[in-house]
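*Asks:*
Chains as they are written, first to last, in my numbering: chain A, -10 to 443; chain B, -10 to 443.
(1) Give the DSSP-derived three-state secondary structure of residue 313 of chain A in the structure shown.
(2) Secondary structure at residue 407 of chain A, three-state DSSP: helix, strand or coil?
(3) Can you pull the DSSP bridge partners for residue 359 of chain B?
(4) Below 7 Å between beta carbons: does that hold for residue 295 of chain A and residue 161 of chain A?
(5) Distance, Cα to Cα, residue 157 of chain A vs residue 147 of chain A?
(6) To be precise: take each residue of the segment 250 to 280 of chain A, compare its Cβ to all Cβ atoms of chain B, and keep it if any distance is under 7 Å. Which residues remain?
(7) Among residues of its own chain, excluding the 5 on either side of residue 94 of chain A, which ones have a beta-carbon nearer than 7 Å to its beta-carbon?
(8) DSSP puts residue 397 of chain A in a beta bridge; with which residues?
(9) Check residue 221 of chain A in the structure and name its three-state DSSP category.
(10) Under 7 Å, Cβ to Cβ, is there at least one residue of chain A near residue 303 of chain B?
(11) Closest Cβ-Cβ distance between residue 144 of chain A and chain B: below 7 Å?
(12) With a cut-off of 8 Å, do at least 3 Cβ pairs link the segment 366 to 373 of chain A to the segment 49 to 66 of chain B?
(13) Listed from N- to C-terminal order along the chain, which residues in the segment 31 to 47 of chain A have their beta-carbon within a distance smaller than 8 Å of any beta-carbon of chain E?
(14) So what does residue 390 of chain A bridge to, in DSSP terms?
(15) Which residues, in chain order, does the segment 304 to 324 of chain A contribute to contact with chain B at a C-beta distance below 7 Å?
(16) Could you name the residues of the same chain whose beta carbon sits closer than 8 Å to that of residue 387 of chain B, not counting the 5 residues immediately before and after it, in chain order?
(17) Examine chain B for any beta-carbon lying closer than 7 Å to the beta-carbon of residue 157 of chain A, and answer yes or no.
(18) Evaluate residue 288 of chain B with the Cβ neighbour count: other Cβ atoms within 10 Å of its Cβ, from every protein chain shown; 16 or more gives buried, anything less gives exposed.
(19) Check residue 275 of chain A in the structure and name its three-state DSSP category.
(20) From the DSSP secondary-structure annotation, give me the bridge partner or partners of residue 164 of chain B.
(21) First and last residue of the alpha helix (DSSP H) that includes residue 123 of chain B?
(22) Please confirm whether residue 286 of chain A and residue 143 of chain A have their CB atoms less than 7 Å apart.
(23) Of the choices A:376, A:290, A:279, whose alpha-carbon is the least far from that of residue 442 of chain A?
(24) Could you give the first and the last residue of the continuous beta strand (DSSP E) run that contains residue 12 of chain B?
(25) Mind pulling the chain B residues with CB within less than 7 Å of residue 148 of chain A?
(26) In the DSSP assignment, the beta strand (DSSP E) including residue 303 of chain B goes from what residue to what residue?
(27) Inspect the beta-carbon positions of residue 235 of chain B and residue 164 of chain B and report whether they are closer than 7 Å.
(28) So, with DSSP's three-state summary, where would you put residue 140 of chain A?
(29) Tell me whether residue 266 of chain B sits in a helix, a strand or coil according to DSSP, three-state version.
(30) Leaving out five residues on either side along the sequence, give the residues of the same chain with a beta carbon under 6 Å from the beta carbon of residue 283 of chain A.
(31) Using only the alpha-carbon positions, how far apart do residue 331 of chain A and residue 132 of chain A sit?
(32) Over what stretch of residues does the alpha helix (DSSP H) that includes residue 77 of chain A continue unbroken?
(33) Under three-state DSSP, which class holds residue 383 of chain B?
(34) If you run the structure through DSSP and keep just helix, strand and coil, what is residue 199 of chain B?
(35) Using beta carbons (cut-off 7 Å, strictly below), is residue 223 of chain B in contact with chain A?
(36) Under 7 Å between the Cβ atoms of residue 134 of chain A and residue 339 of chain A?
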């Protein structure tokens, strides 16, 4: 199986580049890489019929050569344990990076670009952290860096944003873009589980990693959101400025109280234009139960986009999975294969807008973001509800609804409040002051209410 | 305002075609044309930032020059009442056909292609009827014919099918692709209206034409479905073979009975691969009430696609409207503008697959289509329910559920039956025989049940 990577390369000087198969080197052949390999082979005839040429994996870099050999089987694909050999291989047109991680992946991708290779990656962390450097290098070298698989894998949302909706001034993007968190939230609601139990189920079923922090603390959704915002608004990838909260602190009591009020708790990534900048935030939030995004269950993803011409459109599909991600990786390869010259392969600019037109829109600090909020206020005496509402209204937090949580065994009375739209700084101040209120019987919980998405 | 169209054209020989604005001639400036004109001007800066060049409407053909002059205002756009002058104008790169109709539009589009112009159209009827001829001419001339606006206007579903999902063998496409019918069905359900009343409301609100036949009898959805199927399966546009039923015969009683059983009636377009051909059909059908497509309300559209790698993805958005359609028309223009040579403008083949690879998949005749059905059987005596089920089961129509419709004033007892999956021919034969059954008190109603879409 193992052959010398350079010796086994056969140049095809006679065949025009537009007709011979696109030659691909792949770094990593784990879940996504194996899926990509499998789908490319299974659907090769259809892909050639769509593309007008083949797409051929020539060489694969893998950490475990034995396992890689099992996957590629008797197909003549060269295996190596040296990713840089793939990145710099003279016989390939495109490097598919599906190894994950940030540091080494950055080096491989930059090497590939320096050698004039197009790059396809599903690595959102890589782009969120090193995207500026990578895309700048690619722009100067005139090669494509495609990353449809990095956001809501099976859903062609990057393509929708920067091609399908290219006529629009995008007003906002809001999405459920972490399948692990959505699976856990669905379980917490459907089975009345607490977070830890739902997480354990997600881990047992393969929907969550052994170390789930990346997913459940919102980092992964933040990476994806920063890519969506860049392509929606023509701004740089600004993950470091995003406001990121996860679902680890969420109690099943709040999931139940939200239901009682007609809402569902979802981990939402929201990028939204405002007068003085953009909101860029990942937070657990209350969505009206009848909202289309509230129908996105289990590990599925959904992204809603508001454009000034198209109005609201929504995109739904699997947010993870071997062949689901492969679908996006191969779509990027087909895009490259459908063009016959290096110049044109960069048909769509890397962030959807021409590099010189990308503007460094300020990301609003948390304190300046406006919105409605849910408050759950444990009180000693259920008769306090109206008084609490008045107390908040007197402190720049007008209330539009107040209710008592349905009684639950072992839990004292809880005043539920939905506020009007307020500035976060005002809310924070009021909640801080509320903690000194004599009627309080425990810590106040606050969650965003997102009911403006229509 | 009116200037001589040929005299007013200024050649720009010095500017490379890839940098100067894309020059567009538009035929028709009704609802969609006016929206296209408006959005192009309003978002010109963003569109240039995305595309790297401008998109400029140079000349417009209109039937009512006075009205057209009001729309284009003081913008220097040339007006003419001769569509052929636009189609053959030496100063334009692309002809946008948004006049509608089939016969004359065919001539204009063929003239534009013969003169080497790319064509963008939102005219599904034109493509469903004359698509083979038009796309063949375009292929031979090497120009693009783009039609994102012809299907579920605001949703980039054509792009999703043939680019975003290019890695997939598509198994089926199912969609709510006629906003008028969906609006009427939503009203019939929400307000318990009969068809005629809901139609009158749709007409009063501008959701239905004065002559609504095209929409409510399924023709429009059939046109769109034949385009979706071509791009999904790599088959010709086969509208003439599609099985098309509308909602004109639907009674509010069946809408209510479907609800009682946990279903919602939607007009669905379904294209589905089977062993011996493809299903291609537009029919009112029962969808499980919790299904995502059942959440598509009012005049909105939704299309669900099953690919072997991506799994199920769904696309949702407005199905009609001036700027909503303009969003798609301009996206097609951006696609063309982003390429700098005529050859590459045909980057994606006209039906998503290379012309030589398009296979003439047989469309299954109605009699051969399998599926589950809903039957409403008016009976003299409510005690007949079980007997009816047994009677059907004895005639190749096994029953999975039988119920009595909730009593309604003035309406006699109704047996409701959900069948197992049966061949349509067997069902038709059984229903025909049932009409001679002595217990029957009126005509039997049948509707498809589509609960396999998961």
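For every residue, glycine included, the Cβ atom is placed at its ideal position computed from N, Cα and C.
*Replies:* In short, the structure shows the following:
(1) Residue state, collapsed to three classes: helix.
(2) Of the three classes helix, strand and coil, the one that applies to residue 407 of chain A here is strand, per DSSP.
(3) When DSSP reads this structure, residue 359 of chain B sits in a beta bridge with B:412.
(4) Residue 161 of chain A is positioned such that its CB atom lies closer than 7 Å to that of residue 295 of chain A.
(5) Whole-angstrom Cα-Cα distance: 14 Å.
(6) For the segment 250 to 280 of chain A, the set of positions with a beta-carbon nearer than 7 Å to some beta-carbon of chain B is empty.
(7) For residue 94 of chain A, where only same-chain residues beyond five positions count, the Cβ hits under 7 Å are 86, 88, 112, 115.
(8) Beta-bridge annotation (DSSP): residue 397 of chain A is paired with A:400.
(9) Note: residue 221 of chain A maps to helix in three-state DSSP.
(10) Taking Cβ atoms only, chain A reaches closer than 7 Å to residue 303 of chain B, which makes this a yes.
(11) In terms of beta-carbon proximity, residue 144 of chain A lines the interface with chain B, with at least one pair separated by less than 7 Å.
(12) Fewer than three beta-carbon pairs drawn from the segment 366 to 373 of chain A and the segment 49 to 66 of chain B are found closer than 8 Å, and the two stretches are therefore not classed as touching.
(13) In summary, chain E is missing from the structure at hand, where the protein chains are A and B.
(14) A:407, per the DSSP bridge assignment.
(15) Listed by position along the chain: 304, 305, 306, 307, 312, 313, 315, 316, 319, 320, 323, 324.
(16) Take residue 387 of chain B, set aside five residues on each side of it, and the residues of its chain with a beta-carbon closer than 8 Å to its own are 381, 408, 409, 411, in chain order.
(17) Taking Cβ atoms only, chain B reaches closer than 7 Å to residue 157 of chain A, which makes this a yes.
(18) Under this definition residue 288 of chain B is a buried residue.
(19) Collapsing the DSSP output to three states places residue 275 of chain A in a strand.
(20) DSSP lists B:258, B:292 as partners of residue 164 of chain B.
(21) 113 to 130 is the span of the alpha helix (DSSP H), which, as asked, contains residue 123 of chain B.
(22) Taking a C-beta distance under 7 Å as the contact criterion, residue 286 of chain A and residue 143 of chain A do not qualify as a contact pair.
(23) Nearest of A:376, A:290, A:279 to residue 442 of chain A, Cα basis: A:279.
(24) Counting along the chain, the beta strand (DSSP E) containing residue 12 of chain B begins and ends at 11 to 16.
(25) Under the 7 Å cutoff, chain B gives 148, 152, 153.
(26) Taken as a continuous stretch (DSSP letters only), the beta strand (DSSP E) holding residue 303 of chain B covers 300 to 307.
(27) At least 7 Å separates the beta-carbon of residue 235 of chain B from that of residue 164 of chain B.
(28) Here residue 140 of chain A sits in coil by DSSP.
(29) Strand at residue 266 of chain B.
(30) Cβ neighbours of residue 283 of chain A beyond the five flanking positions: 253, 276.
(31) At residue 331 of chain A, the pLDDT of 48 sits below 50, so the modelled position is not reliable and the matter cannot be decided from this model.
(32) No alpha helix (DSSP H) holds residue 77 of chain A; DSSP gives it neither H nor E.
(33) Assignment of residue 383 of chain B by DSSP, reduced to helix, strand and coil, places it in the coil class.
(34) Three-state result, residue 199 of chain B: coil.
(35) At least one C-beta of chain A is nearer than 7 Å to the C-beta of residue 223 of chain B.
(36) Taking C-beta atoms as the reference points, residue 134 of chain A and residue 339 of chain A count as a pair closer than 7 Å.
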